[in-house]
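Number of protein chains: 4
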Amino acid sequence: MIIILKPKATEQDLGRVVGRVEEAGLKVHLSKGTERTIIGVVGDERKMDIQSLEVLPGVERVMRVLRPFKLASREFKPDNTVVRVSDGVEVGGNQIVVMAGPCAVENEKDLMETALAVKASGAQVLRGGAFKPRTSPYSFQGLGKDGLRLLAKARDLSGLSIVTEVLSPGDIDLVSGFSDILQVGARNMQNFSLLQAIGGARKPVLLKRGMSATVEEWLMAAEYVLAGGNTQVILCERGIRTFETYTRNTMDISSIPLVKQLSHLPVIADPSHSTGVRSLVSALSRAAVAAGSDGLLVEVHPNPEEALSDGAQSLSLDEFSALMRDLGHIARSVGRTTQPSLEKAMRGGDAG
Amino acid sequence: MIIILKPKATEQDLGRVVGRVEEAGLKVHLSKGTERTIIGVVGDERKMDIQSLEVLPGVERVMRVLRPFKLASREFKPDNTVVRVSDGVEVGGNQIVVMAGPCAVENEKDLMETALAVKASGAQVLRGGAFKPRTSPYSFQGLGKDGLRLLAKARDLSGLSIVTEVLSPGDIDLVSGFSDILQVGARNMQNFSLLQAIGGARKPVLLKRGMSATVEEWLMAAEYVLAGGNTQVILCERGIRTFETYTRNTMDISSIPLVKQLSHLPVIADPSHSTGVRSLVSALSRAAVAAGSDGLLVEVHPNPEEALSDGAQSLSLDEFSALMRDLGHIARSVGRTTQPSLEKAMRGGDAG
Amino acid sequence: MIIILKPKATEQDLGRVVGRVEEAGLKVHLSKGTERTIIGVVGDERKMDIQSLEVLPGVERVMRVLRPFKLASREFKPDNTVVRVSDGVEVGGNQIVVMAGPCAVENEKDLMETALAVKASGAQVLRGGAFKPRTSPYSFQGLGKDGLRLLAKARDLSGLSIVTEVLSPGDIDLVSGFSDILQVGARNMQNFSLLQAIGGARKPVLLKRGMSATVEEWLMAAEYVLAGGNTQVILCERGIRTFETYTRNTMDISSIPLVKQLSHLPVIADPSHSTGVRSLVSALSRAAVAAGSDGLLVEVHPNPEEALSDGAQSLSLDEFSALMRDLGHIARSVGRTTQPSLEKAMRGGDAG
Amino acid sequence: MIIILKPKATEQDLGRVVGRVEEAGLKVHLSKGTERTIIGVVGDERKMDIQSLEVLPGVERVMRVLRPFKLASREFKPDNTVVRVSDGVEVGGNQIVVMAGPCAVENEKDLMETALAVKASGAQVLRGGAFKPRTSPYSFQGLGKDGLRLLAKARDLSGLSIVTEVLSPGDIDLVSGFSDILQVGARNMQNFSLLQAIGGARKPVLLKRGMSATVEEWLMAAEYVLAGGNTQVILCERGIRTFETYTRNTMDISSIPLVKQLSHLPVIADPSHSTGVRSLVSALSRAAVAAGSDGLLVEVHPNPEEALSDGAQSLSLDEFSALMRDLGHIARSVGRTTQPSLEKAMRGGDAG
């Protein structure tokens with residue numbers, strides 16, 4: 000931490016700042032320049048609050064040297080975290096993991112059809128919302144517990160793992176009983192009560208980036224979960240809000256390699272919410288894998304035009320199948336693999 | 000709602016769209032142009048989801064005509080809502096209501112001193128956080144229930160009403176027992192579980208605008224509370240995130256007159272979080288009242304440089320007292336009043 | 000300037016950084032902490048480029064201590080700059096200066112009517128575009144030189160001073176011949192060729208803030224003009240781009256007191272472009288003056304519904320007249336004055 | 000165009016709106032609903048200005064149906080535009096075109112070394128700034144005409160084509176004499192004087208997206224050039240400003256497939272300015288090609304740590320060479336090719 004004094008700061012001001020730092024068990028290193036005095040703080044600066052220093056008389060600015068996250072940082076844990084979702088499904092290893100399914104669980108027939116189809120195309124996890132966060136109180140809010148039961152049934156039928164969203168601390172136990180991964184949605188990325196409660200759960204977590212969150216804030220949200228004792232965190236880039244209006248959000252493609260540098264946690268991309276436009280989903284999926292994404296979260300629906308929620312961005316089953324073939328080629332071009340059976344099919348196809 | 004078909008849409012496409020609209024109990028009005036066919040939807044379009052129409056074959060774009068909020072709209076309720084906080088404290092009437100106090104409740108001595116001082120300067124409500132949403136899990140998270148007890152004690156001592164934040168649906172009953180207004184923070188503006196639960200509470204609500212929320216999203220958040228049956232909603236502009244770095248956020252001053260036009264709900268401004276810079280708080284407070292704000296939420300601390308949280312933006316007791324005198328002048332210049340005893344003091348001062 | 004080395008930086012890395020700083024004629028002050036070494040740079044850091052240091056091996060981050068603007072800073076010139084536009088019209092003094100008129104000059108009749116009316120209401124400067132920057136090549140681009148001639152005629156008729164926009168270095172001489180203030184529009188705030196050319200002109204400049212510019216970038220644009228030798232710069236806050244869609248832009252009201260603290264230059268507000276909504280212009284005008292603005296730039300049109308450009312945000316002549324009366328009250332409540340004849344009329348009114 | 004009247008609009012209001020539309024040579028189609036009357040405008044709505052309709056009494060909102068750009072749209076020209084830069088260098092065909100070189104031309108030795116190296120690695124165009132737009136008047140502003148001469152010399156030596164920036168209408172002739180492509184920088188994307196002048200030039204144009212521009216505004220800027228008669232426009236995504244601070248800008252990866260859908264113009268990506276971070280450039284380059292980019296604009300420097308401008312984002316010659324090999328693999332995985340000699344080398348490598 001660096002503390003910059005104002006040109007007119009007095010010796011008394013300096014003394015007060017130094018005292019405050021030393022009270023916190025840290026040391027100071029003075030640098031008196033011709034224009035200003037600068038105080039370097041030596042030790043773990045995370046113990047001190049920037050703002051409580053900035054208000055002291057004579058202080059012009061306070062700047063952090065260290066990143067505010069610790070458990071999430073690659074310095075803390077140099078090796079990649081691989082999140083084990085279930086037998087044979089691991090996120091963060093060499094294999095690209097694709098999670099696919101409808102935005103919201105709507106009915107048994109569509110969900111089972113989707114599960115079997117995405118499994119056949121090479122997905123390993125089924126996504127589907129039972130509790131839906133909706134901007135309007137008058138919109139479809141999800142099937143709730145009935146939706147969870149349908150997801151569990153689809154898991155039994157298809158062998159896919161399940162990821163679904165949890166909205167409230169009070170629902171964590173319920174959702175954990177039916178799902179393999181607990182999803183925290185973008186709007187709840189800074190719902191600290193929820194993050195703390197999930198830190199105490201023993202399930203992998205899919206933590207979506209908030210709509211206007213910086214990468215640092217996103218990693219601080221992961222830090223809440225890690226600090227609570229749950230180390231199985233998968234990050235998910237789902238697009239941020241920008242001025243662009245032709246797309247719903249803007250995928251921050253650079254966040255993928257950046258997170259891999261800053262943190263040991265795996266990161267996947269959600270091309271469906273990132274753009275909101277069905278015809279752009281495949282291009283963004285390819286880009287994400289080319290940039291180093293560990294997987295994808297894709298909306299798929301047997302009849303996108305009938306979907307109760309987010310149909311405009313859902314791929315049809317055929318479009319998804321075509322996307323998975325493309326992804327196989329991209330994955331290989333960056334030295335990654337996709338689901339084994341898909342790999343095998345591709346090799347057959349290439350040879351044919 | 001207006002549905003615009005693509006130039007190459009077929010009769011079959013048209014028929015499918017019309018069918019979908021009529022299924023929802025609405026009527027269509029066709030407009031066949033030289034370039035495109037346009038379908039006007041007649042009836043309450045809030046019953047239909049834009050996205051489920053946009054994915055139909057042949058559809059280019061769907062645009063709403065009506066605002067998505069209803070109970071919060073001035074069309075629904077032309078007269079101003081006046082929220083009665085307690086005996087003699089009403090937000091949304093002619094009198095400007097000032098809520099002041101520390102960011103976080105820290106200890107009894109400081110809180111009591113602050114309460115008496117802001118009361119003497121003309122504030123009517125005491126603010127102070129007991130449960131604090133913090134971006135770092137390692138920062139001070141508030142005193143919790145002990146903080147609530149101190150707030151209640153300050154109310155007894157000073158006669159001020161109390162506003163404090165609630166973070167989780169599970170805490171609403173607890174906080175309601177100690178506070179006159181339940182505050183929903185910016186990070187929870189789209190925590191729909193919390194909004195629904197607060198819709199069932201019988202306490203006035205202070206709903207802060209989300210950090211990157213549009214005015215429409217903010218009013219939709221209010222709609223959640225209103226739809227739950229709680230009509231006592233006070234909106235609070237607290238600044239939005241922009242590219243500016245010299246201030247913490249950017250107060251959207253135009254949101255104040257805009258909300259007064261779109262909605263019947265009262266709106267106040269938080270100049271402290273809007274800027275994060277103590278030396279700008281007074282100028283923003285004056286501007287907010289000049290623009291039509293029904294009140295202010297201001298951070299005040301007896302020793303800003305000792306504050307555990309947000310000291311950099313807190314006014315000292317003397318600065319607050321000076322601000323209140325300025326506000327009296329501004330309020331009168333736009334035909335509003337401030338707290339009666341303050342009015343009296345100002346008249347005395349003007350005469351002297 | 001502070002240079003932070005990586006934890007693993009070698010002595011050789013350190014030596015290279017120190018060498019680079021000393022080559023530039025500056026001195027270093029080392030601070031070796033337990034986690035990192037920090038280098039304080041002593042001397043005028045504006046001579047060094049941050050990026051050329053950041054790429055050196057072993058360097059983690061480089062942070063400025065000083066603001067990058069110098070001539071525009073209040074440290075450089077503690078007293079307010081007062082820009083003398085013409086006899087009796089000074090921007091930056093105690094008097095609020097209002098500049099009013101149509102977005103674009105359209106025809107002689109309307110311009111003369113507008114000029115006489117805004118003069119009568121208390122404006123001191125007539126605004127009107129002859130060269131219009133338009134996002135579409137198919138929109139009305141202004142009357143060009145004919146527009147300039149009409150402005151000069153309106154000046155002769157009304158006694159108002161003139162402000163109009165210049166788009167290109169090649170037009171500066173032409174526009175200077177007809178106008179008292181050269182306006183640089185928001186889209187040209189970082190058109191450095193234009194800024195350099197205007198730095199050589201001997202006319203006051205109205206420098207609008209760019210649509211997504213930070214206050215620092217805005218002051219750096221002013222620095223270009225000042226560095227060229229033209230010290231008569233008036234800054235103009237005209238709203239920044241945000242996610243809000245109900246208004247065209249978002250007035251950054253805090254920029255007004257902030258600029259007054261950081262710089263000695265006068266600053267005015269443009270409530271018309273800041274919002275794009277006629278019914279919000281008066282509220283924003285009052286807010287700007289309450290926050291410390293030195294003046295206003297307001298769009299006025301005799302028939303807003305007939306305007307060729309930006310009619311949606313123009314006040315009618317009657318609305319403008321009412322606004323000027325309101326402004327008189329606000330100005331007095333913050334210890335400022337408005338145009339003398341208006342002051343006199345107000346005193347008469349108050350006495351009645 | 001759709002015009003929505005207010006619920007209380009009168010017959011007189013309706014008549015005035017209809018009259019205004021018919022004056023412009025367009026037809027109306029009325030749709031009277033239970034809540035509102037909606038007017039569909041039939042014909043080429045680009046002739047009408049939205050704002051001149053929005054201010055009419057009784058009008059609530061006006062919405063465009065057609066995109067505001069025409070010459071740039073794929074509807075106007077369904078086939079891809081292929082811009083022929085020089086013999087054998089075409090942008091927008093099946094081959095990925097890479098443009099590489101230093102941010103600014105600094106001296107002869109470095110430029111010649113860079114030219115030969117990037118040529119050997121498979122680049123087809125040399126980039127390098129002679130006129131540099133800099134946010135500070137005190138920063139290095141480029142070598143000007145001397146820089147242009149060095150670029151021409153590098154062209155003679157290496158056989159590469161040249162792209163360099165033009166800042167002012169007065170410099171177009173000069174720059175055209177030395178360069179194969181005229182670059183319009185991000186800060187000048189809405190410098191309409193410059194766009195108009197370039198519309199009259201007979202050189203291919205590289206049009207960078209503005210820092211906060213929407214895709215629509217970017218295509219409207221292209222429309223200015225096209226409307227001036229210059230049809231050889233290459234678009235360049237270079238990242239937009241967001242709240243993220245770890246990267247300089249945020250590459251809008253979705254703009255690449257989006258522009259290919261909306262427009263016939265070729266689009267390339269600038270991964271260097273998009274991120275500002277050297278260690279992320281390769282990942283973004285791969286992502287851009289995977290998303291459908293027609294080429295890349297990459298900063299390369301023989302000694303990034305010695306660069307006078309933007310060294311922090313420049314690749315070394317070796318890093319660039321490695322990137323080109325990776326790109327070959329990605330290009331093939333999406334059915335594209337890279338520079339022929341590189342293709343050949345890759346085939347050799349694959350066989351080995």
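Chains as they are written, first to last, in numbering that gives the first Met the number 0: chain A, 0 to 351; chain B, 0 to 351; chain C, 0 to 351; chain D, 0 to 351. Built from N, CA and C at the ideal position, the CB exists for glycine as well. Since we're looking at a predicted model, the values are computed, not measured.
Original post:
How many angstroms separate the CA atom of Ala226(A) from the CA atom of Arg15(B)?
Top reply: Mapped onto the first sequence, residue 226(A) falls at position 227. Mapped onto the second sequence, residue 15(B) falls at position 16. In a straight line, the C-alpha of Ala226(A) is about 53 Å away from that of Arg15(B).
Subject >> Check whether Met210(A) and Val162(A) have beta carbons under 8 Å apart >> reply: Position 211 of the first sequence, counting from 1, holds the residue named residue 210(A). Position 163 of the first sequence, counting from 1, holds the residue named residue 162(A). Contact flag unset, no.
Subject >> is_contact[Ser30(D), chain G] using C-beta, thresh 8 Å >> reply: Included in the structure are the protein chains A, B, C and D, with no chain G among them.
Original post:
Taking 8 Å as the CB-CB cut-off, is Pro67(C) touching chain D?
Top reply: By 1-based counting over the third sequence, the position of residue 67(C) is 68. Yes - at least one Cβ of chain D is within 8 Å of the one on Pro67(C).
**OP:** Give the straight-line distance between the Cα atoms of Ser332(A) and Ile3(C), rounded to the nearest whole angstrom.
**Re:** Numbered from its first residue, the first sequence carries residue 332(A) at position 333. Numbered from its first residue, the third sequence carries residue 3(C) at position 4. Looking at the two C-alpha atoms, the distance is approximately 37 Å.
**OP:** Check each residue of the stretch 39-64 of chain C: if its Cβ is closer than 7 Å to any Cβ of chain A, include it; give the result in chain order.
**Re:** Gly39, Val41, Gly42, Met62, Val64
**OP:** Return the residues of the stretch 282-293 of chain D that lie within a Cβ-Cβ distance of less than 8 Å from chain A, sorted by chain order.
**Re:** Ala282, Leu283, Arg285, Ala286, Ala287, Val288, Ala289, Ala290, Gly291
Original post:
Listed from N- to C-terminal order along the chain, which residues in the stretch 66-92 of chain B have their beta-carbon within a distance smaller than 7 Å of any beta-carbon of chain D?
Top reply: none
Original post:
When every heavy atom of the ligand FMN is checked, does at least one fall within less than 7 Å of the C-beta of Gln123(A)?
Top reply: Annotation note on the ligand FMN: not contained in the displayed structure, which lists no ligands.
Original post:
Does the Cβ-Cβ distance between Val266(A) and Glu236(A) come in under 8 Å?
Top reply: As a working note, residue 266(A) is residue 267 in the first sequence. As a working note, residue 236(A) is residue 237 in the first sequence. Yes, they are a contact pair.
Subject >> Ser273(D) - containing beta strand (DSSP E), residue span >> reply: By one-based count along the fourth sequence, residue 273(D) stands at place 274. Here Ser273(D) belongs to no beta strand (DSSP E); instead the alpha helix (DSSP H) covers 270-274.
Original post:
Looking at Tyr245(D) and Leu65(A), is the spacing between their C-beta atoms short of 8 Å?
Top reply: Here residue 65(A) is taken as the residue at index 66 of the first sequence, counted from 1. Here residue 245(D) is taken as the residue at index 246 of the fourth sequence, counted from 1. Their beta carbons are not under 8 Å apart, which means Leu65(A) does not touch Tyr245(D) by this criterion.
Subject >> Chain-ordered chain B contacts of Phe139(D) [CB-CB under 9 Å] >> reply: Numbered from 1 along the fourth sequence, position 140 holds the residue referred to as residue 139(D). Ordered by position in chain B, no residue passes the 9 Å Cβ test against Phe139(D), which lies about 24 Å from the chain.
Subject >> Residue range of the unbroken beta strand (DSSP E) whose run includes Leu4(C) >> reply: Along the third sequence, one-based indexing puts residue 4(C) at 5. Unbroken beta strand (DSSP E) run through Leu4(C): 1-4.
**OP:** Spell out the partners DSSP gives Thr249(C) in its beta bridges.
**Re:** Working through the third sequence from its first residue, we reach residue 249(C) at position 250. Beta-bridge pairing links Thr249(C) to Ile239(C).
Original post:
Does Thr274(A) have its Cβ less than 8 Å from a Cβ in chain D?
Top reply: As a position in the first sequence, residue 274(A) is number 275, starting the count at 1. Chain D, which has a Cβ nearer than 8 Å to the Cβ of Thr274(A), makes this yes.
**OP:** Following the continuous beta strand (DSSP E) through Arg60(C), name the residue where it begins and the one where it ends.
**Re:** Mapped onto the third sequence, residue 60(C) falls at position 61. Here the beta strand (DSSP E) through Arg60(C) covers 58-62.
**OP:** Spell out whether any CB of chain C is found under 8 Å from the CB atom of Asn187(D).
**Re:** In the fourth sequence, the residue the question calls residue 187(D) occupies position 188. Yes, because at least one Cβ of chain C sits closer than 8 Å to the Cβ of Asn187(D).
Subject >> Beta carbon of Glu107(B) nearer than 8 Å to that of Leu159(B) >> reply: Here residue 107(B) corresponds to residue number 108 of the second sequence, with the count starting at 1. Here residue 159(B) corresponds to residue number 160 of the second sequence, with the count starting at 1. Taking 8 Å as the Cβ cut-off, Glu107(B) and Leu159(B) do not qualify as a contacting pair.
**OP:** Measure from the alpha carbon of Cys102(C) to the alpha carbon of each residue in His28(C), Asp325(C), Gln312(C), then state which is nearest.
**Re:** Here the question's residue 102(C) lines up with position 103 in the third sequence. The residue with the shortest Cα to Cα distance from Cys102(C) is Gln312(C).
**OP:** Please state if the CB of Ala321(C) and the CB of Leu218(C) are separated by a distance shorter than 8 Å.
**Re:** Walking along the third sequence from the start, residue 218(C) turns up at place 219. Walking along the third sequence from the start, residue 321(C) turns up at place 322. Cβ atoms of Leu218(C) and Ala321(C): not closer than 8 Å.
Original post:
In whole angstroms, what separates the C-alpha of Ala114(C) from that of Lys31(A)?
Top reply: Mapped onto the third sequence, residue 114(C) falls at position 115. Mapped onto the first sequence, residue 31(A) falls at position 32. Each residue's Cα considered, the two are about 58 Å apart.
Original post:
Helix, strand or coil: which one does DSSP assign to Arg45(D)?
Top reply: Position 46 of the fourth sequence, counted from the first residue, corresponds to residue 45(D). DSSP places Arg45(D) in helix when its eight states are reduced to three.
Original post:
Roughly how many angstroms separate the alpha carbons of Lys202(A) and Thr274(B), rounded to a whole number?
Top reply: As a working note, residue 202(A) is residue 203 in the first sequence. As a working note, residue 274(B) is residue 275 in the second sequence. Rounded to whole angstroms, Lys202(A) to Thr274(B) spans 39 Å at the Cα level.
Subject >> Nearest candidate by alpha-carbon position, reference Pro270(A), set Ser253(A), Gly334(A), Lys259(A), Thr249(A) >> reply: Counting from 1 along the first sequence, the entry for residue 270(A) is found at position 271. Per the Cα distances, Thr249(A).
Original post:
When you compare only the Cα positions, how much space is there between Leu194(B) and Ile180(B)?
Top reply: Locating residue 194(B) in the second sequence gives position 195, where the first residue counts as 1. Locating residue 180(B) in the second sequence gives position 181, where the first residue counts as 1. Roughly 14 Å separates the two Cα atoms.
Subject >> Spatial neighbours of Thr336(B) in its chain, beta-carbon cut-off 8 Å, leaving aside the 5 residues before and after >> reply: Your numbering for residue 336(B) matches position 337 in the second sequence. Correct list, in chain order: Asn93, Gln94, Ile95, Ala330, Glu342.
Subject >> Assigned secondary structure, Val224(A) (DSSP; H/G/I helix, E/B strand, else coil) >> reply: Against the first sequence, residue 224(A) aligns to sequence position 225. Of the three classes helix, strand and coil, the one that applies to Val224(A) here is helix, per DSSP.
Subject >> Host beta strand (DSSP E) of Ala289(C) (start-end) >> reply: Here residue 289(C) is taken as the residue at index 290 of the third sequence, counted from 1. Counting along the chain, Ala289(C) falls outside any beta strand (DSSP E), though it belongs to the alpha helix (DSSP H) covering 280-289.
Subject >> Unbroken stretches of the beta strand (DSSP E), 3 residues or longer, contained in the stretch 49-108 of chain A >> reply: 58-62, 82-85, 88-90, 96-100
Original post:
How about Ile171(D) and Val183(D): are their beta carbons less than 8 Å apart?
Top reply: The residue labelled residue 171(D) in the question sits at position 172 within the fourth sequence. The residue labelled residue 183(D) in the question sits at position 184 within the fourth sequence. No, the pair does not count as a contact, with Cβ atoms beyond the cut-off.
Original post:
DSSP puts His28(B) in a beta bridge; with which residues?
Top reply: For this step, residue 28(B) is matched to residue 29 along the second sequence. In the DSSP output, where bridge partners are listed per residue, His28(B) has Gly39(B).
Original post:
With distances taken between CB atoms, is the gap from Ala282(B) to Ala290(C) smaller than 8 Å?
Top reply: Position 283 of the second sequence, counted from the first residue, corresponds to residue 282(B). Position 291 of the third sequence, counted from the first residue, corresponds to residue 290(C). Yes. Within cutoff.
Original post:
Considering only C-alpha positions, which residue in the set Asp78(A), Ala116(A), Phe139(A) is nearest to Ser51(B)?
Top reply: In the second sequence, the residue the question calls residue 51(B) occupies position 52. Checked all of Asp78(A), Ala116(A), Phe139(A); the closest Cα to Ser51(B) is Phe139(A).
**OP:** Under the assumption that Leu326(A) contacts Ser284(A) (Cβ atoms under 8 Å), give the Cβ distance between them as a whole number of angstroms.
**Re:** Here residue 326(A) is taken as the residue at index 327 of the first sequence, counted from 1. Here residue 284(A) is taken as the residue at index 285 of the first sequence, counted from 1. Going by Cβ atoms, the distance from Leu326(A) to Ser284(A) rounds to 6 Å, so yes, they are a contact pair.
**OP:** Under 9 Å between beta-carbons, which chain B residues line up against Leu363(C)? List them in chain order, please.
**Re:** Given a span of 0 to 351 for chain C in the structure shown, any question on residue 363(C) remains unanswerable.
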